[in-house]
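Visitor: 235 is the number that the working numbering gives the last residue of the sequence shown; the numbers go up by one with no jumps. C-beta atoms are modelled at their ideal positions from N, C-alpha and C, and glycine is treated no differently.
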Amino acid sequence: MTKDRALLFAVVGGIGSGKSFATAALRAFGFPCFDADAEARRLFDDPAILDVLRDRWGASVVSPDGTVDRRRLAEIVFAPTAEARTELDFLNRTTRPPLFARFRRWLDAVRASDAEFAVLDAPLLFEVGWESDVDFVIFVEASRATRVRRVAERGWSAEELDRREANQLPLDVKRARADFVLVNDDALDAEKNGKTCKNDKNEDAAPTAPPSPTDATAQIARIVEEARRRRAARP
Numbered sequence: 001m002t003k004d005r006a007l008l009f010a011v012v013g014g015i016g017s018g019k020s021f022a023t024a025a026l027r028a029f030g031f032p033c034f035d036a037d038a039e040a041r042r043l044f045d046d047p048a049i050l051d052v053l054r055d056r057w058g059a060s061v062v063s064p065d066g067t068v069d070r071r072r073l074a075e076i077v078f079a080p081t082a083e084a085r086t087e088l089d090f091l092n093r094t095t096r097p098p099l100f101a102r103f104r105r106w107l108d109a110v111r112a113s114d115a116e117f118a119v120l121d122a123p124l125l126f127e128v129g130w131e132s133d134v135d136f137v138i139f140v141e142a143s144r145a146t147r148v149r150r151v152a153e154r155g156w157s158a159e160e161l162d163r164r165e166a167n168q169l170p171l172d173v174k175r176a177r178a179d180f181v182l183v184n185d186d187a188l189d190a191e192k193n194g195k196t197c198k199n200d201k202n203e204d205a206a207p208t209a210p211p212s213p214t215d216a217t218a219q220i221a222r223i224v225e226e227a228r229r230r231r232a233a234r235p
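1) Under the rule that 16 or more other beta-carbon atoms within 10 Å means buried, what is D172, buried or exposed?
2) Assign A122 to one of two classes, buried (16 or more other C-beta atoms within 10 Å of its C-beta) or exposed (fewer than that).
3) Closest by CA to R185, which one among L7, I15, R5?
4) Look at the alpha carbon of R163 and the alpha carbon of P80, and state the distance between them as a whole number of angstroms.
5) Tell me, please, whether the region 44 to 58 touches the region 148 to 166 by the rule of three or more beta-carbon pairs shorter than 8 Å.
6) For A142, tell me which candidate among A22, A10, D4 has the shortest Cα-Cα distance.
7) Classify D162 as helix, strand or coil using the three-state DSSP reduction.
8) Compute the Euclidean distance between the alpha carbons of L8 and V77, then round it to the nearest angstrom.
9) What is the DSSP secondary structure of A10, counted as helix, strand or coil?
10) Mark D179 as exposed unless 16 or more other C-beta atoms lie within 10 angstroms of its C-beta, in which case mark it buried.
11) For F78, which of helix, strand or coil comes out of DSSP?
12) Measure the alpha-carbon distance for G155 versus R72 and round it to whole angstroms.
13) Buried or exposed: T86, going by 16 or more other Cβ atoms within 10 Å of its Cβ?
14) Give me, in chain order, the residues of the same chain whose beta-carbon lies closer than 6 Å to that of A74; leave out the 5 immediate sequence neighbours on both sides.
15) Apart from the five residues on each side of it in sequence, which residues of its chain come closer than 7 Å, Cβ to Cβ, to R228?
16) In angstroms with no decimal places, state the Cα-to-Cα distance between D69 and R27.
17) Give the DSSP-derived three-state secondary structure of T196 in the structure shown.
18) Considering only C-alpha positions, which residue in the set T217, R144, D35 is nearest to W106?
19) Can you tell me whether G13 is buried or exposed, with buried defined as 16 or more other CB within 10 angstroms of its CB?
20) To the nearest whole angstrom, what separates the beta carbons of S113 and A6, a pair I think is in contact under 8 Å?
21) Given this structure, state the Cα-to-Cα distance separating E226 from F136, to the nearest angstrom.
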């Protein structure tokens, strides 16, 4: 970590934990952001990638307007079948290399700028092996009950949530590998949990506040201040 380049925050967490909220709070500081999911969706505008997907799964994955039918694609790669994992692996092999190339171009530009910090919104940070480019990892924590309620607003069942997370690293592993924990739980679950979170990975990590959805923004502010303190302490 050096003082003369932008340092990179990465935001990870379970599905429905509120990673987008955390990212938005960081962006409010004026930090540039790379949204890996949004960039992955833009990849589907590439005719070459669209052709690969059509060759693999047929015309059903192409909408009438000529774009990828993401709902149909999700039905294939996250289906409750033994074959789904193979299909997901194929999709990842197709999209991850060009996505990483986009990320590297963005990161090089950010680090050539005068930005203090930048933000990587990459839910699969550890799964794709991008953590070596990151200075601080923020894990957004929420109970399963809270996350089930949130994903229900997307039309997902609890079973769909579990099926998709089965393709990811366990949440306790992600939490242990993070530098900071941000609690973004619903009030009811916060009341049940009644705990203060500090990441055991680093004894110097700044503790978060007790779980409270109204305090998540304040937690982000404290994380940024702690990151600044650590940066200033470096040679």
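Guide: This is what the structure gives:
1) exposed
2) buried
3) According to the sequence displayed, residue 185 carries Asp and not Arg. Comparing Cα-Cα distances from D185 to each of L7, I15, R5, the minimum goes to I15.
4) 7 Å
5) no
6) A22
7) helix
8) 31 Å
9) strand
10) buried
11) coil
12) 14 Å
13) exposed
14) none
15) none
16) 30 Å
17) Its pLDDT being 37, under 50, T196 is placed unreliably in this model, and the coordinates cannot settle the point.
18) D35
19) buried
20) 7 Å
21) 11 Å
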